[in-house]
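J.: Note that the working numbering gives residue 78 to position 94 of the sequence shown, counting from 1, and the numbers run on in steps of one.
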Amino acid sequence: MFFVFLSILPYACLAGTVWAFFLKQTETSPPFFTIITNGALCWSFAVWILTNALSLINCVYSLCFMVFWVLYASFLVWHIWQRRERIHFERPKGLIPVSIAVICICSLVAALVYPPNMWDVLSYHLPRVMHWLQNHSLAPYPTNIPRQIGMPPFNSMIALQSMAMNGGDYFVNLAQWFAFVGMIAGGMRIAGQLGGNEKVQLLSGLFIATLPNAVIQASNTESSNIVAFWLLAMASLFLDWLKARDRENICKLGCCIGFAILSKGSAYVTAFPFVLAIAFFCLRSPRKLLLQGIAAAAIIIALNAPHLARTYQAYGSIVGGTERNILYHPTPGTLAVNIVYNFLLHEPWLLKGPLLGFWQGLPAALGVDVNDKTIFPWRGLEEYEAQFQVVDTVTQNIIQAILLLAMPVSIILRKFKTPWTYSSLVGATFLLYWIFLTWHPWAGRIHTSMFVLAAPLAGLYINSWPKKWLQKTFVIILLASTFLVFQGGLRRLSIFDSNERNFLYNTRNYLYFNNYKHFDQDYINAVNFLASQHPKSIGLEIYDDSFEYPLWAFMADSVREMPRILHITSQKDRDTLKPEFILALPQGTPELPLAKPHILERKNGEYVKVFPVTEDAVSSDKNQQ
């Protein structure tokens, strides 16, 4: 139990670091979001340096992380005690501040009471953390899931800090929650930088706080909120840098962009307009600013170099395992289709009846081949469920998407004036996303970054409406939609649905499978069988979207000594690694993608199925006797 509570220490240190920066405030101190950014950067550098340094010397051990974070926490306590001035906070007043606070509290509850249960988290985000701990290094390892190696790892590096304490995964959702709170503060800060008054800032914060995808992501272990936070910090620092052109802001800018890219590959595209703007201003005044631009670029490269080197080592390419996300040959037709299809992801009501056929026929009308896997690498619009869904990968931002569509129309009609520089950069972010990234039904969560970058503009736009009753109605609609988000999804806070996967009525083991409810008992039975055999080694024959992490979690709770778990990628691996047991998770059908697991045991140099019990296994046992 001690280690469970110890595993919250890294996140407590994050909050403590922000608090330490806050205590340094004076009358001329920076705004609150700048303080949050400074604290997040300091803590993130500690995570990055610690993890990469330990990996370099093959010392990714629990004890190393424990010692570091205890020392870090001790220093923070001493530092805060030395500056223990009383600081008075004003209680939130008014509908919007109180609502934002309630949403943050509800998201925190969901993050704490539910285990990680998003599909990608169970297939590659957390499994690679367990392999790092097992291998004592972040070095590439044989795997059937290339994303465990190739995908940006910063969210997993954060999870590693907590899970290395032997406390399991009880607090790993907190990183996304902290990012969510930071995003709200960031949206409000940028709105103020653009000239918005207090009301505009609150509306911008509410836009983010009620963004369905951001709310859902706030209670899982993915990376969408983390990258969105870093991009907001980048945008805020960019606006500050435009005024002062100082070295401190440009260096912090480079750090934010570097951590954004290290968190999610889409940041290469979403951050590029700001990178281009920085380069433009630096080249326009090379004597004063060129060295600043070079310093920022060096920081970005340095932060990502270890991960890119490991990916290149494994795959001979720095984009190993992520190639299908990139649209290598964009055309005007693919751009038009991407714009429409990405908007439709958030508007399922437009996919009903004859309209669905119209949208399905749109690519052909624009000369785009729907069967081209370089354009549609997974599946097309015909596979998309035309209904409101509260699931991490496909939650729709229905109201916010309509609002963002209305904004450019109002600008064209000269009904709304917007800050030119910032709005142009945000618009370019959307445009580059549509040009260079492929469409897929699960892209909604990736859109979070672009939505939050547009939030300050949305706040200005809502405030420009001449009729105040319309503004109040819109606020109420946003709050009502957020209530529906908490009532559904994989981590619901409803007390009325005992038949669903609610934390009040189900054990933690079953809650892992909220994303795929028909698979849980088969998986649990298989792992229980493995645990009863007390194996020293387990091989995994799985496909690239399998649920690997529950095996690690269940085995840790069931055996005294964890077996070595290895991926079996070929027959050669079977012959050389020779694991005692092999857990096979075959790929199923499109309707039931996760097939029932079965277990093979090595007997007399060959592998025989022993779970579920079959006639072959029984006869094999008889022959051995």
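The beta carbon of each residue, even a glycine, is placed where N, CA and C say it ideally should be. All values derive from a computational prediction rather than experimental measurement.
Judging by CA-CA distance, which residue of Cys240, Phe264, Phe265 and Cys266 is the nearest neighbour of Ala255?
T.: It is Cys240.
J.: Bridge partners for Ser521 per DSSP, in chain order?
T.: Answer is Arg548.
J.: Check each candidate in Tyr494, Leu416, Leu477 and Lys456 and name the one with the smallest Cα separation from Ile323.
T.: Looking at the Cα atoms, Leu416 is the closest of the given residues.
J.: Report all residues from its chain with a CB closer than 7 Å to the CB of Trp116; omit the five preceding and five following residues, and keep chain order.
T.: For Trp116, where only same-chain residues beyond five positions count, the Cβ hits under 7 Å are Val44, Leu122 and Leu144.
J.: I'd like to know if the stretch 499 to 509 and the stretch 520 to 527 are in contact, where contact means that at least 3 CB-CB pairs between them fall below 8 Å.
T.: No, the stretch 499 to 509 does not touch the stretch 520 to 527.
J.: What is the DSSP secondary structure of Gln380, reduced to helix, strand or coil?
T.: Reduced to three states, the DSSP call for Gln380 is coil.
J.: Within this structure, are the beta carbons of Thr358 and Gly134 separated by less than 9 Å?
T.: For Thr358 and Gly134, no; Cβs fall outside 9 Å.
J.: Within its chain, find whatever has a CB closer than 6 Å to the CB of Phe213; leave out the 5 residues flanking it on each side and keep chain order.
T.: If we look at Phe213 and ignore the five residues flanking it on each side, its Cβ neighbours are Ala163, Gly166 and Met167.
J.: Quick one: residues in its chain with C-beta nearer than 8 Å to the C-beta of Asp600, no 5 flanking neighbours on either side, listed in chain order?
T.: Because the pLDDT of Asp600 is 47, which lies under 50, any placement of that residue in the model is unreliable, and the number read from its coordinates should be weighed accordingly. Counting only Cβ-Cβ distances below 8 Å, and skipping sequence neighbours, we find Val592 and Lys593.
J.: Does the distance from the C-beta atom of Leu96 to that of Asn150 stay below 9 Å?
T.: Their beta carbons are not under 9 Å apart, which means Leu96 does not touch Asn150 by this criterion.
J.: Just to check my reading of the structure: Gly249 and Ile284 have Cβ atoms closer than 8 Å, yes? What is that Cβ distance to the nearest angstrom?
T.: That belief does not hold up - the Cβ atoms of Gly249 and Ile284 are roughly 14 Å apart, past 8 Å.
J.: Taking the straight line between their C-alpha atoms, what separation do you get for Cys(-3) and Ser58?
T.: Taking the straight line from one Cα to the other gives about 10 Å.
J.: When we look at the beta-carbon of Asn588 and count the other beta-carbons within 10 Å, is it buried (16 or more) or exposed?
T.: With fewer than 16 Cβ atoms within 10 Å of its Cβ, Asn588 is classed as exposed.
J.: Per DSSP, what are the beta-bridge partners of Leu421 in this structure?
T.: Answer is Ile310, bridged to Leu421.
J.: Please report the residue range of the beta strand (DSSP E) in which Ala568 lies.
T.: Element bounds for Ala568: Phe565 to Leu569.
J.: Using three-state DSSP, classify Tyr494 as helix, strand or coil.
T.: Three-state DSSP puts Tyr494 in a helix.
J.: With a threshold of 8 Å, are at least 3 pairs of Cβ atoms found where one atom belongs to the stretch 455 to 467 and the other to the stretch 279 to 293?
T.: No contact exists between the stretch 455 to 467 and the stretch 279 to 293.
J.: Anyone know if the C-beta pair for Phe531 and Tyr494 falls short of 9 Å?
T.: No, the pair does not count as a contact, with Cβ atoms beyond the cut-off.
J.: If we count the other Cβ atoms within 10 Å of its Cβ and call it buried at 16 or more, is His431 buried or exposed?
T.: Classification for His431: buried.
J.: Between the Cα of Phe614 and the Cα atoms of Leu444, Trp32 and Ala169, which residue gives the shortest distance?
T.: As shown, the chain starts at -15 and ends at 609. That puts residue 614 outside it, with no answer to give.
J.: Going by beta carbon distance, what residues of the same chain come within less than 7 Å of Leu178, once the five residues before and after it are set aside?
T.: The residues are Pro403, Tyr406, Pro440 and Leu444.
J.: When DSSP builds the beta bridges, which residues end up paired with Lys587?
T.: The partner list for Lys587 (beta bridge, DSSP) reads Glu590.
J.: Go ahead and pull the three-state DSSP assignment for His582.
T.: Residue state, collapsed to three classes: strand.
J.: Which one or two residues does DSSP pair with Ile526 in a beta bridge?
T.: Leu569.
J.: For the stretch 56 to 102, list the alpha helix (DSSP H) runs that are entirely contained and at least 4 residues long, ordered along the chain.
T.: Qualifying alpha helix (DSSP H) stretches, in chain order: 79 to 97.
J.: What's the call for Ala286, buried or exposed, on a 16-neighbour Cβ count within 10 Å?
T.: The residue is exposed, with fewer than 16 neighbouring Cβ atoms inside 10 Å.
J.: Could you give the first and the last residue of the continuous alpha helix (DSSP H) run that contains Ser617?
T.: This structure gives no information on residue 617, because the portion of the chain shown stretches from -15 to 609.
J.: Pairing CB atoms from the stretch 101 to 118 with CB atoms from the stretch 187 to 207, are three or more of them under 8 Å?
T.: With a cut-off of 8 Å, the stretch 187 to 207 and the stretch 101 to 118 count as touching, because enough Cβ pairs lie within range.
J.: Which residues does DSSP pair with Phe595 in a beta bridge?
T.: BP columns for Phe595 point to Ile583.
J.: Give every residue of the same chain whose Cβ lies closer than 8 Å to the Cβ of Met50, excluding the five residues on either side of it in the sequence, and list them in chain order.
T.: Answer for Met50: Leu(-10), Ala148 and Met149, listed in chain order.
J.: Pull up the distance between the alpha-carbon of Ser604 and that of Glu585, whole angstroms please.
T.: In this prediction, Ser604 scores a pLDDT of 39, lower than 50, which makes its location untrustworthy; the coordinate-derived value is nonetheless stated afterwards. One C-alpha to the other measures close to 11 Å.
J.: According to DSSP, is His291 part of a helix, a strand, or is it coil?
T.: Reduced to three states, the DSSP call for His291 is helix.
J.: Note down, one range per segment and in chain order, each alpha helix (DSSP H) of at least 4 residues found wholly within the stretch 99 to 131.
T.: With a minimum length of 4 residues, the continuous alpha helix (DSSP H) runs that stay inside the stretch 99 to 131 are 110 to 119.
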